[in-house]
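>
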Amino acid sequence: MSKTIHLTLKIWRQNGPGDKGRFETHPAKNISTDMSFLEMLDVVNEQLTLEDKEPIAFEHDCREGICGTCGTMVNGRAHGQLKGTTLCQLHMRHFADGDTLVIEPFRARAYPVIKDLVVDRSALDRVIQAGGYISVNTGNAPEANTLPVPQDRAERAMDAAACIGCGACVASCPNASAMLFVSAKVSQLALLPHGRPEAARRALSMVRAMDACGFGNCSNHRECEKTCPKEISIVNIARLNREYFKAAFISQEN
Amino acid sequence: MNWFSAALGSSVGKKLMMALTGLAFIGFLAAHLAGNLTIYGGKAAFNGYAEKLQSLGPLLHLFRAGLITFALVHVLTGLYLFWLNRRARPVGYRMHATAGGRTLSSRTMPYTGIVILVFVIFHLFHFTFVDKTATTVFDMVAAAFNQPAYVLLYAALMIVVGLHVRHGFWSAFQTLGVNHPKVMPTVSAASIAAGAVVALGFGLLPLVIALRY
Amino acid sequence: MRLDAKIPAGPLPQKWDRHRFELKLVNPANKRKYDIIVVGTGLAGASASASLAELGYNVKTFCIQDSPRRAHSIAAQGGINAAKNYPNDGDSIWRLFYDTVKGGDFRAREANVYRLAQVSNWIIDQCVAQGVPFAREYGGLLANRSFGGAQLSRTFYARGQTGQQLLLGAYSALMRQVASGKVRMFPRREMLDLVVINGQARGIVARNLVSGEIERHEGHAVVLCTGGYGNVYYLSTNAKACNVTATFRAYKRGACFGNPCFTQIHPTCIPVHGTYQSKLTLMSESLRNDGRVWVPKTPGDQRKPSQIPEAERDYFLERKYPSFGNLVPRDVASRNAKEQCDQGKGVGDTGLAVFLDFSDAIKRDGRAVIEKKYGNLFQMYEKITGEDPYATPMMIYPAVHYTMGGLWVDYNLMSTIDGLYVLGEANFSDHGANRLGASALMQGLADGYFVIPYTIGGYLAGSHFAEVKNDHSAFTDSVKEVQERVTKLLAVRGRRTVDDFHRQLGLVMWDHCGMARTNEGLTTARARIQELRAEFWQNVRVPGTGRDFNQSLEKAGRVADFMEFAELLILDALARQESCGGHFNDAYQTEENEARRDDANFCHAAAWEFTGEGKDPVLHKEPLVFENVHLTQRSYK
């Protein structure tokens, strides 16, 4: 049942990319345990606005865990402590009265801070631009059932395709590596027969783009899969590696 | 060879080099451990093993050259990765908790690696690059481990090596792409076992020597 | 103004072919001379941008989010319809067409809907080729399911994330064109005005949401794919950034707004918890296949559901609609839930919920079967409410979900402004007064992949374009207006937050212009909204400045537009003195409480023309002519 708790927030504030930034402490009073984490921040922001202070900038959109817009570090964990959950689906019943929460933006060289908790994750789009697609123009497609896809392969492709692009894998990785994100897309398309023709070029090109964006290197810490709100497995990273080796050492692609 | 250096120069390529050289060192450790275990056979057996090694001649040199090359690749790539990975997050977190992925072993890899490097150099000067005309390997080792400080040093270092192997072993398989639901549980278990075998197998030897000889 | 829907002549199945033949073509070498602006990157926007770029046009694409992949199409769960007839159960293009027209309660244009059904099959081909991991049968072929009460299995799906997978397919096609240089992507931009020069849409004015800069972008045509306006109700299943601003600004520049009162309310959403609530979460209506809807028979019964004996429960849908039971259409289920709550029989802390009970299904099929069917939905419910639906009945309540209304467009998807095209949920075209499940995705992709690439060429090839640079006076004037509005919003410095106003607006709309409407309520609501709007400009507090990333300012602009738009919605509801689909006026119902259409007087699409600030808009009517289907009364008894 619903009850009310009081929290203390230690929140990262930064006016813009040029600002050095600092932690600020704000009380979050009378927080219903039925609220989502973002609704708790809404309440704090309403209060700040009425006190003539600048509300805390944070990103959010669908608030149902699928758009991948939201996400901050809560007490050192991307999207907070709950497994398989985006920040918007984390509810305040998972916190206790009197808790202090440290809230920081996702941090990586590839994610420059825009304001407060808002970071620029466009690097993820740049990686997709490098090959996270199948080159088929509208109208080119053959009849949908022309190529059968074994059910379990389709399911595994879907497991990988479930990525919401929130970038928490990078944020939680001690090395700020984007391997889980990249491997999810490479895997989805490598598992489907439709994606095979471009598989080699895709693997090489997406890894190159990932490196160019300034992400770190994978050390197999597995923080990414433990943090991923869609619980995407590092089996995909192993598959990316295989695809990459095949492409680099066996295929004709450069 | 442009494609080759490009492939190895990428983040995945660098990991490949770490994995391959790492696995080679695990192989080396296994051989080294097997050799060392002859010490349980007594002085003659141990010295016999050492002489047998020496008698390999050019093969031994080739082997050493290989090890040195691998070491250079492993160490330099590892240090470069360490630097790159630190650079990938210029502003750190005030709080960065684990979600259950990191292990003591995985998070200390660069540090245990550096410690092992220092130790290996010391170890080589301690036992390998020494004038053995007046003594045998066995006597040298026995003499060393009659000093408690060396026993402690070596035993402690072997725990460090064990830690490094514990993450390095399964991690190499993962990097090589060998992650399959049917295989991975075995690899993971083997990784823990490998770490333990290295730590105990090597680590107990100085103790045994100190107590027996 | 005369509305010309430009419906091609000839028999229904041949209209589209014939029209494509009659449309002028742009020489391949000339395509690169045309710049096309696309606003929004949902299914419609992403697919249109990619397809137009593939043809060779220069495309500039804008989205409000940080990445085009986040548009709210991503949240669609159920699936996408197509007339493939893979299950061999008697489906056809004609049947999909007929079901869509009937489901829309005969308030959509036949020709548009038929075309939608025709291209539906190509959409599936296209998406599969892009790598969308649709569900498969063991043999590797595509699986279908029946959805939303349809009597056929024609819905393709990718788990409960079909929208996500289709959007990511379109997004990947878009990213490919960005990489090829044919699309220039402008994320974190909000369109704040449409620039019309010599009667042609020639550009947009947009705010860079990071720097605050007001930017000008010129082009030869503008394609709006900016989604629906469900957030006028504040609480809806829409994403927080969904808004009416782009289409409303276009309306103010001369585009007629079509059927704004056609809004869809989805019956199975997680109920409201408190005033802080920021959005409502939809749960797939497949839950009604096994769940039984009930309320206690006695109003105000506060007992736990487990303590209410069978005899004191009212399974009202089963009682009132014995043949369809819990599977009545969305609007019927929604209205009945509201009716029960209005009688004081609602359950939960707020009294605004009904039970959706799975205990009989669990008893009958076993927990494992239910878990396999609905496990992820039950998990989602528990995550949000903290209650275990295996142990205690779910509580559900209807929520605003989709808006069938939108900018009026002709058969080419062009609005009443030359060169302004409107695609997807943002237009009014295909769903009439009510949208069937799994049809929104179909329409967004049909418009973007298979309609706009042809029709825009016809316009470009057949029009004369004066050279327009972005220092044209129309741009300068528009930028000035936009800047003044920003300054005005920041200058009020009142005592109420933007969300506070938005919440109040939403309540007024929900209470008086929601599931069931009355003339009296609508009139009251109109007056309340006028008052609220006046207060907004006196008393809103927008902190910060216009020169940087300022989310409060973004919201304020959107809410200001919603406040004006809400009145248009109400006017439309008042003008339509009948009930049809999502528009239910209490005065017009059958004895069975079904919507009673008035085909003699209201068989038309309403298109509202802006005539100036402070003046009432003018209503134009496009008569709907049904030559191929017979208008019937729905019945679900």
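As given, the protein sequences belong to chains A, B and C, one line each in that order. Residue numbering for the first sequence is 85 to 338, as defined by our numbering. Residue numbering for the second sequence is 28 to 240, as defined by our numbering. Residue numbering for the third sequence is 658 to 1294, as defined by our numbering. Glycine included, each C-beta is placed from N, C-alpha and C at the ideal position. All of these numbers come straight from a predicted model, not from anything done at the bench.
If you follow the alpha helix (DSSP H) that arginine 949 (chain C) is in, where does it begin and where does it stop?
In the third sequence, counting from the first residue as 1, residue 949 (chain C) sits at position 292. Counting along the chain, arginine 949 (chain C) falls outside any alpha helix (DSSP H), though it belongs to the beta strand (DSSP E) covering 949-953.
> Out of curiosity, what's the CA-to-CA distance linking lysine 199 (chain A) and glutamine 98 (chain A)?
Walking along the first sequence from the start, residue 199 (chain A) turns up at place 115. Walking along the first sequence from the start, residue 98 (chain A) turns up at place 14. Cα-Cα distance, rounded: 5 angstroms.
> Measure how close the beta-carbons of alanine 1083 (chain C) and threonine 920 (chain C) come, nearest whole angstrom, since I'm counting them as under 8 angstroms.
Position 426 of the third sequence, counted from the start, is the residue given in the question as residue 1083 (chain C). Position 263 of the third sequence, counted from the start, is the residue given in the question as residue 920 (chain C). Actually they do not touch by this definition, with Cβ atoms about 14 angstroms apart.
> Note down, one range per segment and in chain order, each alpha helix (DSSP H) of at least 4 residues found wholly within the stretch 956-1031 of chain C.
Runs of the alpha helix (DSSP H) lying entirely within the stretch 956-1031 of chain C, each at least 4 residues long, are 973-977, 987-999 and 1016-1022 in chain order.
> Is the CB-CB distance between valine 1286 (chain C) and tyrosine 886 (chain C) below 7 angstroms?
Taking the first residue of the third sequence as position 1, residue 1286 (chain C) is located at position 629. Taking the first residue of the third sequence as position 1, residue 886 (chain C) is located at position 229. Cβ distance not < 7 angstroms, so valine 1286 (chain C) and tyrosine 886 (chain C) don't count as in contact.
> Quick one: is asparagine 301 (chain A) near chain B, going by C-beta distance under 7 angstroms?
Counted from its first residue, the first sequence places residue 301 (chain A) at position 217. At least one chain B Cβ lies under 7 angstroms of asparagine 301 (chain A).
> Over what stretch of residues does the beta strand (DSSP E) that includes phenylalanine 843 (chain C) continue unbroken?
Stepping through the third sequence from its first residue, residue 843 (chain C) is reached at position 186. For phenylalanine 843 (chain C), the uninterrupted beta strand (DSSP E) run begins and ends at 840-843, by DSSP.
> Between the Cα of lysine 741 (chain C) and the Cα atoms of C:Ile922, C:Glu679, C:Leu799 and C:Val852, which residue gives the shortest distance?
Position 84 of the third sequence, counted from the first residue, corresponds to residue 741 (chain C). Among C:Ile922, C:Glu679, C:Leu799 and C:Val852, the Cα nearest to that of lysine 741 (chain C) is on C:Leu799.
> Excluding five sequence neighbours on each side, which residues of the same chain lie with their C-beta closer than 7 angstroms to the C-beta of alanine 1118 (chain C)?
As a position in the third sequence, residue 1118 (chain C) is number 461, starting the count at 1. Here the set comprises Lys681, Leu682 and Val683.
> Where does the unbroken beta strand (DSSP E) through leucine 1276 (chain C) begin, and where does it stop?
Within the third sequence, residue 1276 (chain C) is the residue found at index 619, counting from 1. That run of the beta strand (DSSP E) goes 1275-1280.
> Does leucine 276 (chain A) get closer than 7 angstroms to chain C when you measure Cβ to Cβ?
Working through the first sequence from its first residue, we reach residue 276 (chain A) at position 192. Closer than 7 angstroms to some Cβ of chain C, the Cβ of leucine 276 (chain A) qualifies, so yes.
> If I follow the unbroken beta strand (DSSP E) through tyrosine 828 (chain C), where does it start and stop?
Within the third sequence, residue 828 (chain C) is the residue found at index 171, counting from 1. First-last for tyrosine 828 (chain C): 819-837, but that is the alpha helix (DSSP H), not the beta strand (DSSP E).
> Between which two residues does the beta strand (DSSP E) containing leucine 1077 (chain C) stretch?
The residue given as residue 1077 (chain C) occupies position 420 in the third sequence. 1077-1079 is the extent of the beta strand (DSSP E) around leucine 1077 (chain C).
> For chain C, find out if any of its Cβ atoms is closer than 7 angstroms to the Cβ of arginine 280 (chain A); answer yes or no.
The residue you call residue 280 (chain A) lines up with position 196 of the first sequence. With 7 angstroms as the cut-off, arginine 280 (chain A) does not count as an interface residue toward chain C.
> For valine 1079 (chain C), count neighbouring C-beta atoms within 10 Å of its own C-beta (all shown protein chains included) and say buried if the count is 16 or more, exposed if not.
Position 422 of the third sequence, counting from 1, holds the residue named residue 1079 (chain C). Under this definition valine 1079 (chain C) is a buried residue.
> Closest to glutamate 1177 (chain C) by CA distance: which of C:Phe1015, C:Asn1127, C:Asn1242 and C:Arg976 is it?
Numbered from its first residue, the third sequence carries residue 1177 (chain C) at position 520. In terms of CA proximity to glutamate 1177 (chain C), C:Asn1242 leads the group C:Phe1015, C:Asn1127, C:Asn1242 and C:Arg976.
> Alpha carbon to alpha carbon, what distance is there between glutamine 959 (chain C) and valine 952 (chain C)?
Counted from its first residue, the third sequence places residue 952 (chain C) at position 295. Counted from its first residue, the third sequence places residue 959 (chain C) at position 302. Spanning the two alpha carbons is a distance of roughly 11 angstroms.
> I'd like to know if the stretch 226-242 of chain A and the stretch 134-145 of chain A are in contact, where contact means that at least 3 CB-CB pairs between them fall below 8 angstroms.
no
> Starting from the C-beta of leucine 94 (chain B), find all residues in its chain whose C-beta is less than 7 angstroms away, skip the five residues before and the five after it, and write them out in chain order.
Position 67 of the second sequence, counting from 1, holds the residue named residue 94 (chain B). Closer than 7 angstroms at the Cβ level, and outside the excluded window around leucine 94 (chain B), lie Phe55.
> Compare the Cα-Cα distances from lysine 167 (chain A) to each of A:Glu309, A:Ile318, A:Ala322 and A:Ile115 and report the closest residue.
Residue 167 (chain A) sits at position 83 when you count from the first residue of the first sequence. When each option's Cα is compared against that of lysine 167 (chain A), the closest is A:Glu309.
> Run the CB neighbour count on valine 1275 (chain C), radius 10 Å, all protein chains shown included, and call it buried at 16 or more, exposed below.
Locating residue 1275 (chain C) in the third sequence gives position 618, where the first residue counts as 1. So valine 1275 (chain C) ends up on the exposed side.
> So, with DSSP's three-state summary, where would you put arginine 1198 (chain C)?
The residue labelled residue 1198 (chain C) in the question sits at position 541 within the third sequence. Note: arginine 1198 (chain C) maps to strand in three-state DSSP.
> Can you tell me the Cα-Cα spacing of valine 220 (chain A) and asparagine 1250 (chain C), whole angstroms?
The count along the first sequence starts at 1 and reaches residue 220 (chain A) at position 136. The count along the third sequence starts at 1 and reaches residue 1250 (chain C) at position 593. Between valine 220 (chain A) and asparagine 1250 (chain C), the alpha-carbon positions lie close to 50 angstroms from each other.
> Give me whichever residues DSSP pairs with valine 158 (chain A) in a beta bridge.
Residue mapping note: residue 158 (chain A) aligns to position 74 of the first sequence, counting from 1. Note: valine 158 (chain A) sits in a beta bridge opposite A:Arg161 and A:Ile187.
> Using a Cβ-Cβ distance cut-off of 7 angstroms, determine whether lysine 310 (chain A) contacts chain C.
As a position in the first sequence, residue 310 (chain A) is number 226, starting the count at 1. No - not a single Cβ of chain C is within 7 angstroms of the one on lysine 310 (chain A).
> What are the residues of the stretch 808-830 of chain C that lie near chain A, defined by any Cβ-Cβ distance shorter than 9 angstroms?
Closer than 9 angstroms at the C-beta level to chain A, one finds these residues of the stretch 808-830 of chain C: Phe813, Ala815, Arg816, Gln818, Gly820, Gln821, Gln822, Leu825, Gly826, Tyr828, Ser829 and Ala830.
> Who does isoleucine 140 (chain A) pair with in a DSSP beta bridge?
What you label residue 140 (chain A) is simply residue 56 of the first sequence in a count that begins at 1. When beta bridges are read from the DSSP output, isoleucine 140 (chain A) appears opposite no residue.
> What residues in the stretch 311-324 of chain A bring their beta carbon closer than 8 angstroms to a beta carbon of chain B?
Close to chain B, meaning a Cβ-Cβ distance shorter than 8 angstroms, are the following residues of the stretch 311-324 of chain A: Thr311, Ile318, Val319, Ile321, Ala322, Arg323 and Leu324.
> Counting along the chain, where does the alpha helix (DSSP H) carrying histidine 923 (chain C) start and finish?
Taking the third sequence and counting its residues from 1, the one referred to as residue 923 (chain C) is at position 266. Unbroken run through histidine 923 (chain C) is the beta strand (DSSP E), 920-926; no alpha helix (DSSP H).
> Give, in chain order, every unbroken run of the alpha helix (DSSP H) that is at least 4 residues long and sits entirely within the stretch 176-257 of chain A.
With a minimum length of 4 residues, the unbroken runs of alpha helix (DSSP H) contained wholly in the stretch 176-257 of chain A fall at 206-213, 235-245 and 252-256.
> Note down, in chain order, each residue of its chain lying with its Cβ closer than 8 angstroms to the Cβ of glutamine 834 (chain C), except the 5 sequence neighbours on either side.
Here residue 834 (chain C) is taken as the residue at index 177 of the third sequence, counted from 1. Hits under 8 angstroms: Ser706, Ala707, Ala710, Glu711, Val716 and Val840.
> How many angstroms separate the CA atom of arginine 326 (chain A) from the CA atom of leucine 937 (chain C)?
Here the question's residue 326 (chain A) lines up with position 242 in the first sequence. Here the question's residue 937 (chain C) lines up with position 280 in the third sequence. The straight-line gap from Cα to Cα measures roughly 43 angstroms.
> Could you check what DSSP says for glycine 69 (chain B) in three-state terms: helix, strand or coil?
Locating residue 69 (chain B) in the second sequence gives position 42, counting from the first residue. In the structure shown, glycine 69 (chain B) sits in coil (DSSP, three-state: anything other than H, G, I, E or B).
> Applying the criterion that 16 or more other CB atoms from any shown protein chain within 10 Å of the CB defines a buried residue, is aspartate 748 (chain C) buried or exposed?
For the purposes of this step, residue 748 (chain C) is taken as residue 91 along the third sequence, with counting starting at 1. With 16 or more Cβ atoms within 10 Å of its Cβ, aspartate 748 (chain C) is classed as buried.
> Specify the secondary structure class of arginine 811 (chain C) as computed by DSSP and reduced to three states.
Within the third sequence, numbered from 1, the residue matching residue 811 (chain C) stands at position 154. In the structure shown, arginine 811 (chain C) sits in a strand (DSSP, three-state: E or B).
> Is there a C-beta anywhere in chain A that falls below 7 angstroms from the one on leucine 1098 (chain C)?
Position 441 of the third sequence holds residue 1098 (chain C). Not an interface residue.
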